[in-house]
Amino acid sequence: MSVHERRLDVRDPEDPPFDRIQEALSDLDPDERLTLINGFEPEPLYDVLDRRGFTYETTQVADDEWHVEIEHA
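Per full-length UniProt numbering, residue 1 is the first one in the sequence shown, and the count goes up by one each step.
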(Lines of atoms letter the chains of each structure in order from A and count residues from 1; the text may use other names and numbers.)
(Lines give C-alpha, C1' and ligand atoms only; values in the text may rest on other atoms or scores of the structure.)
Protein backbone atom coordinates (compact mmCIF):
# COMPACT_ATOMS: atom_id res chain seq x y z
CA MET A 1 0.00 0.00 0.00
CA SER A 2 1.50 3.34 -1.01
CA VAL A 3 1.24 6.31 1.31
CA HIS A 4 -0.05 9.59 -0.06
CA GLU A 5 1.66 12.71 1.24
CA ARG A 6 -0.15 15.83 2.42
CA ARG A 7 1.52 18.99 3.72
CA LEU A 8 0.22 21.64 6.09
CA ASP A 9 2.37 24.72 6.74
CA VAL A 10 1.19 26.52 9.88
CA ARG A 11 4.07 28.97 10.31
CA ASP A 12 1.90 32.08 9.70
CA PRO A 13 1.88 33.84 13.11
CA GLU A 14 -1.35 35.69 12.23
CA ASP A 15 -3.34 32.48 11.88
CA PRO A 16 -3.70 30.30 15.00
CA PRO A 17 -3.01 26.80 13.67
CA PHE A 18 -4.87 24.49 16.05
CA ASP A 19 -8.20 24.43 14.18
CA ARG A 20 -6.47 23.91 10.83
CA ILE A 21 -4.42 21.04 12.29
CA GLN A 22 -7.52 19.41 13.82
CA GLU A 23 -9.35 19.65 10.49
CA ALA A 24 -6.40 18.16 8.60
CA LEU A 25 -6.23 15.26 11.07
CA SER A 26 -9.97 14.61 10.70
CA ASP A 27 -9.58 14.53 6.91
CA LEU A 28 -6.53 12.26 6.95
CA ASP A 29 -7.24 8.91 5.30
CA PRO A 30 -5.58 5.70 6.56
CA ASP A 31 -3.28 5.63 3.51
CA GLU A 32 -2.13 9.24 3.93
CA ARG A 33 0.70 10.89 5.81
CA LEU A 34 0.48 14.51 6.92
CA THR A 35 3.65 16.57 7.12
CA LEU A 36 3.01 19.43 9.50
CA ILE A 37 5.44 22.33 9.07
CA ASN A 38 5.73 24.53 12.13
CA GLY A 39 7.98 27.32 13.37
CA PHE A 40 8.59 25.61 16.74
CA GLU A 41 8.36 22.12 18.18
CA PRO A 42 4.62 21.61 18.68
CA GLU A 43 4.90 19.74 21.98
CA PRO A 44 1.26 20.45 23.04
CA LEU A 45 0.12 18.64 19.89
CA TYR A 46 1.71 15.33 20.89
CA ASP A 47 -0.94 14.51 23.52
CA VAL A 48 -3.69 15.29 20.99
CA LEU A 49 -2.05 12.98 18.44
CA ASP A 50 -1.70 10.20 21.02
CA ARG A 51 -5.34 10.51 22.11
CA ARG A 52 -6.58 10.48 18.51
CA GLY A 53 -4.58 7.38 17.58
CA PHE A 54 -1.82 8.85 15.43
CA THR A 55 1.88 8.09 15.30
CA TYR A 56 4.33 10.88 14.61
CA GLU A 57 7.99 11.66 14.12
CA THR A 58 9.37 15.16 14.59
CA THR A 59 12.46 16.56 12.89
CA GLN A 60 13.99 19.99 13.35
CA VAL A 61 15.16 21.09 9.89
CA ALA A 62 16.18 24.67 10.79
CA ASP A 63 16.28 26.91 13.86
CA ASP A 64 12.70 27.99 13.17
CA GLU A 65 11.34 25.05 11.18
CA TRP A 66 10.04 21.73 12.47
CA HIS A 67 8.45 18.94 10.45
CA VAL A 68 6.08 16.46 12.07
CA GLU A 69 5.25 13.37 10.01
CA ILE A 70 1.82 12.15 11.16
CA GLU A 71 0.09 8.88 10.28
CA HIS A 72 -2.71 6.73 11.62
CA ALA A 73 -1.38 4.19 14.12
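C-beta: ideal position from N, C-alpha, C; glycine also.
With contacts defined as CB atoms closer than 7 angstroms, E71 and R33 qualify as a contacting pair. With fewer than 16 other Cβ atoms inside 10 Å of its own Cβ, P13 counts as exposed. R52 is positioned such that its CB atom lies no closer than 7 angstroms to that of T35.
The distance from the Cβ of E69 to that of Y56 is about 6 angstroms, consistent with a contact at the 8 angstroms cut-off. With a threshold of 16 other beta carbon atoms within 10 Å, P16 falls short and is exposed. A distance below 7 angstroms separates the beta carbons of D31 and H4. Approximately 7 angstroms separates the beta-carbon atoms of Q60 and E41; this is inside 8 angstroms, confirming the contact.
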